[in-house]
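Have a look at the structure below before the remarks.
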Amino acid sequence: MENKNPLSPHIQIYSWNISLLISISHRITGVINIVALTLVCLWIALLLLGETNYEYIKYFLQSFLGKFLILCLTWSFSFQILSEVRHLFWDFGYGFELITSKITGLIVIFGSFVLTILIYLIGKQII
Amino acid sequence: MVQINLPENSKVKKGKYYKDTTGSKNIKKVNIYRWDPSSGENPRIDTYEVDMDNCPSKVLDLLNKIKNEIDSSLAYRRSCSHGVCGSCAMNMDGKNGLACTKPHAEIDGDINIYPLPHLKVKKDLIGDLSILYKQYESIEPWLKTNKKVEAKEIYQSREDRSKLDGAYECIMCACCSTACPSYWWNGDKYLGPAVLLQAYRWIIDSRDDERKERLKKVADEFKLYRCHTIMNCTNACPKGLNPAKAIAEIKKMLATS
């Protein structure tokens, strides 16, 4: 017999915490990265069709919107890398204590921004 | 399957408002999820004004006070009131825990009380845990030994016994499993942190002879590997245990054996 009783509220009422936030962001950035990589591959494939195609995309990426997009993707990759390292440590069985996971979580969040800025500065050849 | 919205018959409506009748100055509003199976209506949130000057410290005391003095129709499970039986597990202030060990002074503002998340509700704060109990049965939580039955107990070294610390204390209150988003979306196939912690408890027991079979049994894409280390289980556990680590240990054993 099918249970027709109501379902108790779940995601609507559950309080957010750092580990929950990072877990869902890890998935979202993962999807974004796959799409971004595919687009980069397509861009490279466009080279085969001639110089003008390449120029168009280069023109777009040098606009403000394009630069902003690249910066966002840099953050997405930085976040994914740091979060994945955290997962690797978990796979070895380390870092499961609540306080440790909270600290590593904060490191992932702040580290992703620091890494983005570092990559930006290196790209600009400032450092 | 991920389903963010609640089904139509589970949408929560605004309910009754019980005004304070004691004239106390120290009033707190308590919002409680209510559902009456005999009414055929949707669940609702009833709000109670409670006189906090004459209320003992824990959330369970608060519920008892409401049931005794304001609204006797309120239904919830409770038994030992000392954090040992696990009956009064519920969602308070957005976090799962035991009502009998959670002080209501820790909650700022209005106190929101819901049943454990993503369960079929039986009445008010009582969720249906029968799926979880079936899953618990499926891991065969008893000692399996090939040795002939002897009248004597099976000895265990101190070291082997210490491996069970952090696993045997589990009271199966289901706070962890119902806090896990993976268990929300795949509760029918994924075993969930509570049951996997118990599976781990029997896998590492030095007296058990079926370690390999037990490992083989949980090594399933859905049963075990739906755990994505979200850590909500460890965050929720009212006994301070670490189901996430236990699941990781099972994964590690499978990867290295």
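One line per chain: the protein sequences are A and B, in this order.
Per numbering that gives the first Met the number 0, the very first residue in the first sequence carries number 0; after that it's consecutive.
Per numbering that gives the first Met the number 0, the very first residue in the second sequence carries number 0; after that it's consecutive.
Think of the CB as a built atom: it goes at the ideal place given N, C-alpha and C, for glycine as much as any other residue.
State yes or no: is the C-beta of residue i within less than 9 Å of the C-beta of residue j?
i              : j              : result
E248 (chain B) : Y189 (chain B) : no
S18 (chain A)  : D92 (chain B)  : no
K162 (chain B) : I203 (chain B) : yes
G126 (chain B) : S7 (chain A)   : yes
A173 (chain B) : L128 (chain B) : yes
H86 (chain A)  : T21 (chain B)  : no
L68 (chain A)  : S111 (chain A) : no
E44 (chain B)  : G14 (chain B)  : Reading off the sequence, residue 44 (chain B) comes out as Ile, not Glu. Against a cut-off of 9 Å, the Cβ pair of G14 (chain B) and I44 (chain B) comes out as a contact.
P116 (chain B) : A178 (chain B) : yes
L196 (chain B) : I246 (chain B) : yes
Y58 (chain A)  : L45 (chain A)  : no
D219 (chain B) : I130 (chain B) : no
E344 (chain B) : D19 (chain B)  : An answer regarding residue 344 (chain B) cannot be provided, because it is not within the stretch 0 to 256 covered by chain B.
K101 (chain B) : K64 (chain B)  : no
R76 (chain B)  : L118 (chain B) : no
W201 (chain B) : P140 (chain B) : yes
V217 (chain B) : I138 (chain B) : yes
I26 (chain B)  : L62 (chain B)  : no
K121 (chain B) : P36 (chain B)  : yes
L117 (chain A) : I126 (chain A) : yes
G92 (chain A)  : K251 (chain B) : yes
I43 (chain A)  : N111 (chain B) : no
Y119 (chain A) : L64 (chain A)  : no
Among the candidates the options, whose CA atom is the shortest distance from the CA of residue i?
i              : options                          : result
W184 (chain B) : A:E1, A:I10, A:N2 and A:I21      : A:I10
S23 (chain B)  : B:K251, B:F221 and B:M51         : B:M51
D109 (chain B) : B:A245, B:A218, B:D208 and B:K28 : B:K28
S78 (chain B)  : B:L253, B:M252 and B:I170        : B:I170
S80 (chain B)  : B:N90, B:P116, B:P180 and B:A98  : B:A98
R210 (chain B) : B:A150, B:N231, B:N145 and B:N4  : B:N145
P114 (chain B) : B:V49, B:A88, B:K250 and B:N25   : B:A88
I56 (chain A)  : A:V39, A:C71 and A:L72           : A:V39
L105 (chain A) : A:K3, A:N2, A:S22 and A:I12      : A:S22
K143 (chain B) : B:A150, B:K122 and B:R206        : B:R206
I98 (chain A)  : B:L253, B:M230 and B:K216        : B:M230
I121 (chain A) : A:W42, A:T73 and A:E50           : A:T73
E68 (chain B)  : B:I3, B:R160 and B:Y17           : B:Y17
D208 (chain B) : B:C226, B:Y182 and B:I153        : B:I153
Y182 (chain B) : B:C226, B:S71, B:K251 and B:V148 : B:C226
R33 (chain B)  : B:K94, B:M252, B:D70 and B:A150  : B:D70
S38 (chain B)  : B:T46, B:N8 and B:N53            : B:N8
Q2 (chain B)   : B:P180, B:G165 and B:P55         : B:P180
K101 (chain A) : A:L48, A:N16, A:K3 and A:Q124    : A:N16
Considering only residues of the same chain and omitting the five flanking positions on each side of residue i, which have a CB-CB separation below 8 Å?
i              : result
W89 (chain A)  : F95
S75 (chain A)  : T28, I31, N32 and A35
E168 (chain B) : K238 and L240
To which residues of the same chain is residue i closer than 6 Å at the C-beta, ignoring the five residues directly before and after it?
i              : result
T255 (chain B) : none
L114 (chain A) : S77
T103 (chain A) : R85 and G94
H25 (chain A)  : S82
K222 (chain B) : L190
I106 (chain B) : D92
Excluding the 5 residues flanking residue i on each side, which residues of the same chain have their C-beta closer than 7 Å to its C-beta?
i              : result
P5 (chain A)   : none
C175 (chain B) : P192, A193, C232, A235, C236 and P242
L59 (chain B)  : R77, S80, C87, A98 and C99
K10 (chain B)  : N41
G49 (chain A)  : none
Any beta-carbon of chain E closer than 9 Å to the one on residue i?
i              : result
G126 (chain B) : Checking the listed chains, one finds no chain E in this structure; the protein chains it contains are A and B.
Exercise. Between the region 217-234 of chain B and chain A, which residues of the former have a C-beta closer than 7 Å to a C-beta of the latter?
Worked result: H227, T228, I229, M230, N231, T233 and N234
Exercise. Whole beta strand (DSSP E) runs in the region 119-179 of chain B with 3 or more residues, listed along the chain?
Worked result: 120-122
Exercise. Which of the residues in the region 106-122 of chain B, read from start to end, lie with their CB under 8 Å from any CB of chain A?
Worked result: Within the region 106-122 of chain B, the residues whose Cβ lies closer than 8 Å to some Cβ of chain A are N111, Y113, P114, L115, P116, H117, L118, K119, V120 and K121, listed in chain order.
For this session: Write down every uninterrupted run of the alpha helix (DSSP H) in the region 14-51 of chain B whose length is 4 residues or greater and which is fully enclosed by it, in chain order.
Result: none
Exercise. The region 4-38 of chain B: which residues have C-beta closer than 8 Å to a C-beta of chain A, in chain order?
Worked result: L5, P6, N8, S9, V11, Y32, W34 and P36
Problem set entry | Under 9 Å (Cβ pairs) to chain A, residues found in the region 79-108 of chain B | N90, D92, G93, K94 and N95
Exercise. If contact means a Cβ-Cβ distance below 8 Å, which residues of the region 66-95 of chain A contact chain B?
Worked result: H86, W89, D90, F91, G92 and F95
Exercise. Any residues in the region 237-250 of chain B with a beta carbon nearer than 8 Å to a beta carbon of chain A? Which ones, in chain order?
Worked result: N241, A243, K244, A247, E248 and K250
For this session: Determine which residues of the region 157-184 of chain B have a Cβ less than 9 Å from any Cβ of chain A, and write them out in chain order.
Result: Those would be T177, A178, P180 and W183, in chain order.
Problem set entry | Interface positions of the region 42-56 of chain B facing chain A (Cβ-Cβ less than 9 Å), listed along the chain | Residues passing the 9 Å Cβ filter: P42.
For this session: Could you name the residues of the region 29-47 of chain A whose beta carbon sits closer than 8 Å to any beta carbon of chain B, in the order they occur along the chain?
Result: none
Problem set entry | Ordered list of alpha helix (DSSP H) runs contained in the region 48-75 of chain A, each at least 4 residues | 50-61
Problem set entry | In chain order, each alpha helix (DSSP H) run of at least 4 residues that lies wholly inside the region 176-227 of chain B | 180-185, 191-202 and 210-217
Problem set entry | Near-chain B residues of the region 13-30 of chain A - C-beta to any C-beta below 7 Å | Those residues of the region 13-30 of chain A that come within reach of chain B (Cβ to Cβ, closer than 7 Å) are Y13, S14, N16, S18, L19 and S22.
For this session: Report the residues of the region 96-111 of chain A with a CB closer than 8 Å to any CB of chain B, ordered along the chain.
Result: For the region 96-111 of chain A, residues whose beta-carbon sits nearer than 8 Å to a beta-carbon of chain B comprise E96, L97 and S100.
For this session: Quick one: which unbroken beta strand (DSSP E) runs of 3-plus residues sit fully inside the region 70-97 of chain B? Chain order, please.
Result: 88-91 and 94-97
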